[in-house]
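In the numbering used here, the protein residues as written are 111 to 455.
Written out as structure tokens, the structure is:
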């Protein structure tokens, strides 16, 4: 489909998290405007949120849309994990009169944006220079824990889509063993996301209260962060230190798994709010604390993403790739003994 068609612009972009949905219009290649953040709980459905955004911006002739979403994607039906929204992609496309509606995992979208982020929107935390021909890893705590990566592919990049936030948490010291036991008694399986997320901050604080015999005080994530950053509450301060340490261990695991010598990127909504504390936290020490592989990890740079809307360029790139004209594929002779239709991957 040629991008020269009158209907090609504007394009609707979205980055949908568990708590908020960020919408925008791409009015020309790489020009992203009219960004609005709408709280999910204000709307009964994604369609209602989309209609309100389009009404607020006066965008009446949008034909093509793409959305990153904080959810696994498997087929047409999407039931969000950390939000009440459930919807059919095709039914939503038809209801809004769109020619194209693409969905991709929100951290896949953020991974696609990594090569496009300005250096001024990245804060390096340790390590050296990333290797240009090596994979890039991405991890980020928010409402959940997102994980993705970019791997070099045919002169460009290919994004990996998975659910790495649900890998099993492994404690590294006795204090963390106590936290694991507390969380396991409540939930059974203890994933990284269970602890490295907004609700994870509250859970970590509750676990420390229980371990110290102080009762299980229920504080909202923002309150845990505020008390910890101010230094007024020692247990909240410890909660933040443990949170950053656990994230360091998880990020180091991801770097080793992927061979991410191009760099590890920290996204999500939580860590940027800890700026100033995070850089001095146990994060980097725990990132490198991998025994015989510590020197390998010491060279890998970690970048904290400070962009306000970092995933939108990745969503735009995904949509542009989908809409780009494709060269015709030359016909080939089927292998002897069968037709092309008989062959299965």
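Built from N, CA and C at the ideal position, the CB exists for glycine as well.
What you are looking at is a predicted structure, and each value in this text was computed from that prediction instead of being measured.
Quiz item: Touch check for the stretch 210-224 and the stretch 418-433: three-plus C-beta pairs under 8 Å?
Solution: yes
Quiz prompt | Where residue 443 falls: helix, strand or coil (DSSP) | solution = In this prediction, residue 443 scores a pLDDT of 41, lower than 50, which makes its location untrustworthy; the coordinate-derived value is nonetheless stated afterwards. Coil, per DSSP.
Quiz item: In the DSSP assignment, what are the bridge partners of residue 393?
Solution: Its beta-bridge partners do not exist; DSSP assigns none.
Quiz item: Looking only at DSSP bridge pairs, what is residue 386 linked to?
Solution: Note: residue 386 sits in no beta bridge, so no partner.
Practice problem: In the DSSP assignment, find the unbroken beta strand (DSSP E) run with residue 234 in it and report its ends. | Solution: 232-234
Quiz item: Whole alpha helix (DSSP H) runs in the stretch 275-319 with 4 or more residues, listed along the chain?
Solution: 284-297, 302-305
Quiz item: Who are the near neighbours of residue 398 in its chain, counting only those whose CB is closer than 6 Å to its CB and skipping five residues on each side?
Solution: 404, 407, 408
Quiz item: Ordered along the chain, which non-local residues of its own chain (more than five positions away) have a Cβ less than 6 Å from that of residue 111?
Solution: Confidence at residue 111 is low in this model, with a pLDDT of 37, below 50, so the placement of that residue is unreliable and no value is reported for it.
Quiz item: residue 383 and residue 240 look like a contact to me (Cβ under 8 Å); what is the Cβ gap, rounded to whole Å?
Solution: With a Cβ gap of about 25 Å, residue 383 and residue 240 do not count as contacting.
Quiz item: residue 202 by DSSP, collapsed to three states: which one?
Solution: helix
Quiz item: From which residue to which residue does the alpha helix (DSSP H) around residue 424 run?
Solution: 422-433
Quiz item: Buried or exposed: residue 359, going by 16 or more other Cβ atoms within 10 Å of its Cβ?
Solution: buried
Quiz item: Leaving out the 5 sequence neighbours to the left and right, which residues in its chain are closer than 7 Å to residue 325 when beta-carbon positions are compared?
Solution: 319
Practice problem: Can you tell me the Cβ-Cβ gap for residue 237 and residue 254, rounded? I've got them flagged as a contact below 8 Å. | Solution: In fact, because the Cβ distance is near 26 Å, the residues do not count as touching under 8 Å.
Quiz item: Contact between the stretch 254-271 and the stretch 281-289: three or more CB pairs below 8 Å?
Solution: no
Exercise. Would you kindly work out how many angstroms separate the C-alpha atoms of residue 368 and residue 281, rounded to a whole number?
Key: 21 Å
Quiz item: Excluding five sequence neighbours on each side, which residues of the same chain lie with their C-beta closer than 8 Å to the C-beta of residue 394?
Solution: 235, 236, 358, 412
Quiz item: Does DSSP put residue 190 in a helix, in a strand, or in coil?
Solution: coil
Self-check item: Beta-ladder partner(s) of residue 258, from DSSP
Solution: 248, 271
Practice problem: Sort out for me which residues DSSP pairs residue 143 with in a bridge. | Solution: 135
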